[in-house]
Amino acid sequence: MEALMKINNIKEACSKYVLNFDGEIYETNDEKSIIQGMDNTYLESNDNNLLLEKRIYLAKKILLYSIMLNLKVEIHNGSEKLEENYKVDKDNSGNEVYYEEPDIILNVEDEISMFKGINSTSFASVYKKNDCGEYELI
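Quick note on numbering: the sequence shown equals residues 15 to 152 in my numbering.
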């Protein structure tokens, strides 16, 4: 796994990916390093089940974070729903209500799928360099 390199701003980046997390900006060429930047327990491993468990752990942290924002979030592994924050108090009245459609789906199937869901929250932003050399949200 390639280490994250801290940079001052996205204009300094040369790598394939840029992570903006917790007020800091990092760059790397490795997807796993991006996840590790948000959760330092994410390790380099050939055990796909272990890596899946670590992505689920991070997704649960993001799900809890989303409750503060009153976002309806579901965690999926591919097409299988694993978890949801099934009650949301939209008007701070103390009345939690069930929802029909989630605002965000965090797909933990692989790192790239997870980045798309993360970018739908304000938890972090993950950028990828396009063919023109510019960075876009994944």
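Backbone N, C-alpha and C define an ideal beta-carbon position, used for all residues, glycine too.
Endpoints, the beta strand (DSSP E) within which residue i is located
{"i": "ALA138", "result": "138-143"}
{"i": "LYS68", "result": "Here LYS68 belongs to no beta strand (DSSP E); instead the alpha helix (DSSP H) covers 62-82."}
{"i": "GLU97", "result": "94-98"}
For residue j and residue i, believed in contact at Cβ under 8 Å, the rounded distance
{"i": "LYS130", "j": "GLU97", "result": "With 8 Å as the limit, LYS130 and GLU97 do not qualify as a contact, their Cβ atoms being about 18 Å apart."}
{"i": "ILE89", "j": "ILE70", "result": "7 Å"}
{"i": "ASN91", "j": "LEU66", "result": "7 Å"}
{"i": "MET19", "j": "PHE35", "result": "About 14 Å separates the two Cβ atoms, so there is no contact after all."}
{"i": "ASP117", "j": "LYS86", "result": "5 Å"}
{"i": "SER139", "j": "LEU151", "result": "6 Å"}
Residue i (DSSP reduced to helix, strand or coil)
{"i": "ILE24", "result": "helix"}
{"i": "GLU148", "result": "coil"}
{"i": "GLU45", "result": "helix"}
Opening and closing residue of the alpha helix (DSSP H) in which residue i lies
{"i": "LYS30", "result": "That residue, LYS30, is in no alpha helix (DSSP H); it is neither H nor E in DSSP."}
{"i": "GLU125", "result": "125-132"}
Closest Cα partner of residue i within the set the options
{"i": "ASP124", "options": "ASP145, SER136, ASP44", "result": "ASP44"}
{"i": "SER47", "options": "ASN63, ASP61, GLY37, LYS30", "result": "LYS30"}
{"i": "ASN23", "options": "GLU16, ALA17, LEU33", "result": "LEU33"}
DSSP beta-bridge partners of residue i
{"i": "TYR40", "result": "LYS20, LEU33"}
{"i": "LEU120", "result": "ILE89"}
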